[in-house]
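Just so you know, the numbering used here puts 29 at position 11 of the sequence shown, and the rest follows in order with no gaps.
Glycine included, every Cβ here is placed at the ideal spot set by N, Cα and C.
Below: one structure, written as structure tokens.
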Amino acid sequence: MEDRHFPTQPLAEPEPGDRIGDVRVLAHVARGGMATVLAVEDLRPGADPDRKLALKLLLPLDGSEEAQSRFRREFRSLSRLHHPNVLRVHEWGMYGDRPWFTMELLDGHDLRVEAEQLQEMPAAERFPRIEAILVQVARALAYVHERGLVHRDVTPGNLMVTAGRKAPASDPSSLPDGSVKLMDFGVVKEAGGDMTAVGELIGTVAYMSPEQITGDEIDARSDLYSLGAVLYLLLTGRRPFQAHTIHGFMEKH
């Protein structure tokens, strides 16, 4: 992966109308603890005007070597993956000293919102929809695991139900293939790799496997445990375990 530097770019937070590499910022979409996400327009000659793009930009306060390494790892991992249920990434570059990459812009909601909506559905619609979600996430994880990767952060916030594909009128609760997307590979690791020291806690505790909480060696089975915890949320509307501290979750998982 080759960095593309644009030294003339301003270091201030990009605003609508600003240019970053070959894209123009259209709007702010979201801001997390590590990065900000912008809706952007592809300015390259011949670019598809109907393709919706987003740009993920590392926050200036997260410019540590560890944060930059995780950001690079997320792009490298996603750039290897081409599956309808995995977020697709495109290009990498630098905005001053801040790395960015472009990706598909998803229109929809994550499984935290989906879990709330499911509780309002009649059982005849709710359970088939949950099954459809589970199947698509399982396909994404199987694909990721076959390529020697462990996601390590399978949570409702990292799974999105997109609005771009319409369900048939005869079955409004169904989900066409490619409707559910696995996102955020910032803490992904290679199976059997040694990226994280034993005892270090990476991921979202409420959905972690016991071995991940305790910092032991993990493999693909840890992701499946997390998927089971997500399934519990979809079925019941609440997390399988309630606690206020890491030690509290360690006792319950």
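In this structure, Val58 sits near Leu73, with a CB-CB distance shorter than 8 Å.
Secondary-structure assignment with DSSP links Ile38 through a beta bridge to Val41. Per DSSP, Phe119 is one residue of the beta strand (DSSP E) stretching across 116-122. In this structure, the CA atom of Lys199 is about 8 Å from the CA atom of Ala158. The C-beta distance from Pro174 to Leu129 rounds to 4 Å, short enough to meet the 8 Å contact threshold. Considering only Arg170, Thr180, Pro146, the residue with the shortest C-alpha distance to Pro228 is Arg170. Counting along the chain, no beta strand (DSSP E) covers His100, and no H or E run does either. Under DSSP, Asp60 forms a beta bridge with Val41. Leu167 sits buried, since 16 or more C-beta atoms from the chains shown fall within 10 Å of its C-beta.
By the Cβ criterion, the stretch 87-106 is in contact with the stretch 116-126, since at least three pairs of Cβ atoms, one from each stretch, lie closer than 8 Å.
When Asp202, Val248, Leu249, Pro67 are compared, the shortest CA-CA separation from Leu96 is found for Asp202.
With fewer than 16 other CB atoms across the displayed protein chains lying within 10 angstroms of its CB, Thr263 is exposed. Secondary structure note for Asp241: its alpha helix (DSSP H) is the uninterrupted segment 238-254. Under the three-state reduction of DSSP, Arg88 is assigned to helix.
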